[in-house]
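Those letters in the sequence shown? Residues 44 to 352, per this note's numbering, in order. Where is the CB? At the ideal position from N, CA and C, for every residue including glycine. Just so it is clear, the structure is predicted and the values come from calculations on it, not from any experiment. Taking it in order: structure first as structure tokens, then the write-up.
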Amino acid sequence: MWTFLIEITIQVMLPIFVLLIAGALLHRKFSFHLATLSKLLTYFFLPVVVFVNISNSQLDGGLLLEIGGFLIIQFVILALLSWGLVKLLNIDRKLAPTFQNSIVLMNSGNFGLPVSQLVFAGNPLGISIQVIVLMFQNLITYTYGVMVSASTRSTGLWSNLAELIKTPIIYALVLGLIFYQMPWELPAFIQTPMQQVSNGFIALALLVLGAQIAYPSLKQFSFIFFVSIFGRLIAAPLIGLVIIWLMGLDGTVAQGLLIASSFPMSRNSALFALEYDNHPEYAAQAVLISTIASCITVTFFIYLSQALF
């Protein structure tokens, strides 16, 4: 167990924190215009990343169906749980979307894939499971996540849907699925810059996230803050474990899904909070703290997955 902790810290966490610290230092030095950077990520980098990931994925139909059932059930439970907590704790209208996204959305990309590659080295099935999880997270992030975040700017469902339709990410999802199904290839002069943009997204996203936490404030560490941390790092994987048992899953599939359920908050929850002005400082700190704490929690659930399955 301690070996996993050390390996994850060195191979996954340290590269992430190098960029976070760089973003914080650069922002303190040059005072970035964070709203502009957020729009650059949301309206350019993110659509390209979504299209590239989905159009280039290698999926097995049977595996997708089995894992898809698990992911849909878990998503519905987490979405209802986070909504119920908003009502129970009487959370502020502007904070509620950030709180909900912090529990439902997870970092399955720049955190999840490296962890899965480490745990399932030599086991392609384990890696494939994480690719499916990543695709599903892309889907709910840029549908559910955007709609929840945009809800503070409007009062009705149709207004929220209109806000979603204005974002290019949904069209990138559709185009990615079309290119995945069809034997089409983009010309090299388009593929090359798209791949370059995709490769640069993680660095830019983490730099922006680091800039968001350049001036941290301890006032964000409230009871609600720690409820969201607990919900993402502890409640989500435990709910995943129950679903795995109820569905009768076992082996690598069960291991991969349990581990994927334990990943920390998605950086996109902080990006959306910045874009829609839904307590962005709270979101950035929640992502940071959950990522730090995940060194311990993810390691535990890796150990638990191997012990149980």
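Using the DSSP secondary-structure output, state which residues sit across from M308 in a beta bridge.
M149, per the DSSP bridge assignment.
For N181, three-class secondary structure by DSSP
Of the three classes helix, strand and coil, the one that applies to N181 here is helix, per DSSP.
Runs of 3 residues minimum, wholly inside the stretch 89-114: which ones carry the beta strand (DSSP E) assignment?
For the stretch 89-114, not a single whole beta strand (DSSP E) run of length 3 or above is found.
If you run the structure through DSSP and keep just helix, strand and coil, what is W227?
In the structure shown, W227 sits in coil (DSSP, three-state: anything other than H, G, I, E or B).
Through-space distance from H70 to F266, alpha-carbon basis:
Computed Cα separation, rounded: 29 Å.
Our contact map puts I97 next to M178 with C-beta atoms below 8 Å; I'd like the distance itself, whole angstroms only.
Contact holds; Cβ gap of about 6 Å.
In three-state DSSP terms, what is Y346?
Under the three-state reduction of DSSP, Y346 is assigned to helix.
Check whether the stretch 280-299 and the stretch 220-233 touch, using three or more Cβ-Cβ pairs below 8 Å as the test.
Judged by pairs of C-beta atoms under 8 Å, the stretch 280-299 does not touch the stretch 220-233, as fewer than three such pairs exist.
Just to confirm, are G253 and L84 a CB contact at a threshold of 9 Å?
Not a contact, by the Cβ cut-off of 9 Å.
Helix or strand or just coil, what does DSSP make of I51?
The DSSP-derived three-state label of I51 is helix.
Spatial neighbours of V240 within its chain, please: CB distance less than 7 Å, with the 5 preceding and 5 following residues excluded, ordered by chain position.
These residues qualify, in order along the chain: F88 and V91.
I need the straight-line Cα distance from L68 to L108, nearest angstrom please.
Answer to the nearest angstrom: the Cα atoms are 45 Å apart.
Reduced DSSP secondary structure (H/G/I, E/B, other) of G188:
Reduced to three states, the DSSP call for G188 is helix.
Within 9 Å, strictly: CB atoms of V313 and I146
First, the amino acid is wrong: residue 313 is Ala here, not Val. No, they are not a contact pair.
Rounded C-beta distance between F94 and G188? I'm assuming under 8 Å.
Beta-carbon to beta-carbon, F94 and G188 are separated by about 17 Å, too far to satisfy the 8 Å threshold.
Just how far apart, CA to CA, sit R136 and P167?
The straight-line gap from Cα to Cα measures roughly 43 Å.
Does the Cβ of R196 have 16 or more other Cβ atoms within 10 Å, making it buried, or fewer, making it exposed?
Under this definition R196 is an exposed residue.
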